[in-house]
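Data first, discussion second: the structure below is written as structure tokens.
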Amino acid sequence: MSEHGGEAVSAEQARRSRLYDYVDASEPGRQEETGGTARGRREFAALLGEFRRTAVLVPLDPVTGSPLAADFGGVRWFYAFSDEGALARFAVARGEGAREWAFQRWLGARLLDAAVPAVGVPCGVALDCADGEDGMLFPPVRGVVPDAVAVDVDGGTGDVR
1 MSEHGGEAVS AEQARRSRLY DYVDASEPGR QEETGGTARG RREFAALLGE
51 FRRTAVLVPL DPVTGSPLAA DFGGVRWFYA FSDEGALARF AVARGEGARE
101 WAFQRWLGAR LLDAAVPAVG VPCGVALDCA DGEDGMLFPP VRGVVPDAVA
151 VDVDGGTGDV R
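Using the UniProt record's numbering, you'd call the opening residue of the sequence shown number 1 and step up by one each time.
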């Protein structure tokens with residue numbers, strides 16, 4: 001029995017936070033650097049740079065007027081879209097294609113550097129999330145968001161280390 005009445009669980013049996021998956025994928029030295037991994041890192045860095053320089057559509061919550069977000073896997077995700085078509089596909093996928101969607105245009109850098117830190121919990125950006133493999137996640141890790149809120153840096157809002 002554990003302290004709280006349940007069965008005792010060994011370290012091997014304990015569920016680890018899904019945030020560790022983001023840490024493992026982002027930290028040099030956490031995975032063996034193969035040609036594919038190194039190429040993947042370069043491709044991600046190029047996509048991140050492009051995202052930071054690009055104005056994206058950020059839908060607004062119809063009640064609060066704040067950027068629309070959802071919680072998934074222990075992370076809050078701001079929704080962002082590359083164009084009105086991507087936002088429309090998202091609206092239809094949610095069954096809300098008939099309503100009018102208010103949005104603002106923000107630079108990706110503004111989302112990552114200003115909006116994410118303001119949330120106060122681990123937060124990232126989901127770009128074109130209704131587009132399957134064509135979508136992209138920018139998780140709350142070092143090199144993507146400020147170190148002060150990265151989950152893979154001691155003292156970040158996630159403190160996963």
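Where is the CB? At the ideal position from N, CA and C, for every residue including glycine.
CA-CA distance, PRO122 to GLY74, rounds to 7 Å.
Straight through space, the alpha carbons of THR54 and PHE81 are spaced by roughly 11 Å.
The region 107-125 and the region 136-151 touch, with three or more beta-carbon pairs separated by less than 8 Å.
DSSP places ASP71 in the strand class (E or B) of the three-state scheme.
In this structure, the straight-line span from the alpha carbon of GLY135 to that of PHE103 is close to 19 Å. When C-alpha distances from ALA69 are compared across ASP147, ASP128, GLY132, ALA148, the shortest belongs to ASP128.
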